[in-house]
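The structure appears below as structure tokens.
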Amino acid sequence: MTATNRIVLSSDHAAIDLRQAIAAHIAALGWEVVDIGPTTPESTHYPKHGEAAALRVASGDCRLGIILCGTGQGIMMSANKVKGIRCGVCADTFSARMIRQHNDANMLSIGERVVGEGLALDIVDAFLTADFEGGRHATRVEMINALEG
Ligand code: RB5
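Its first residue numbered 0, the sequence shown is counted upward by one per residue in numbering that gives the first Met the number 0.
The following block contains the structure:
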């Protein structure tokens, strides 16, 4: 059973500060935040953090996920290797809204070295307040899912 307001957060070492700012922001909005770290600044490997967060979403433990690295790109690529995950990198609010409305994205990736905190929080808000529109978009999301085999 998926907790409807539970969201997982993870990052690599390059995005700890922004991840913690996002965690505080969405907790204040009423989300149950599952922040799986890391919490210390030693260099680490983004694939394992992307996978760990993606497994929380794919298993149904969390409804959505937000992941971060320096660019948002490497951790996004890693999360998208987990079956059932549709994760997009966003550096603007339009894309963050559209990946929910048209692509039914269940994870958002942000690059701490790309966007400032103010824009990042707006991106998060756009992602979390948009809903999947279904219809013709559902057909296309089913086609994405079919590519997983
Ligand atoms: C770490 O230096 C950096 O490569 C990583 O955070 C991310 O940007 C990779 O996609």
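No residue lacks a Cβ here, since even glycine has one placed at the ideal position from N, Cα and C.
No experiment lies behind these values; they were computed from the predicted model shown.
Query                                                                                          : Result
Residues near M0 by beta carbon distance below 6 Å, same chain, minus five either side         : Confidence at M0 is low in this model, with a pLDDT of 45, below 50, so its placement is unreliable and no value can be given for it.
Cβ neighbour criterion (16 or more within 10 Å) applied to S42                                 : exposed
Contacting residues, own chain, Cβ-Cβ under 7 Å from V81 (five flanking each side not counted) : E50, A53, L54 and A57
Host alpha helix (DSSP H) of S108 (start-end)                                                  : No alpha helix (DSSP H) contains S108, which is instead part of the beta strand (DSSP E) from M106 to G110.
N-terminal and C-terminal residue of the beta strand (DSSP E) that G64 is part of              : C61 to C68
Heavy atom of the ligand NAP within 7 Å of Q72 beta-carbon                                     : Questions concerning the ligand NAP fall outside what the structure shown contains, since the ligands it does hold are the ligand RB5.
Local conformation of L17 per DSSP, three classes                                              : helix
Contact between the segment 108-117 and the segment 128-141 (3+ Cβ pairs under 8 Å)            : no
Supposed contact pair V140 and S108 - C-beta distance, whole angstroms, cut 8 Å                : That pair is no contact at about 18 Å.
Anticipated Cβ contact below 8 Å, P37 with I15, distance rounded                               : 7 Å
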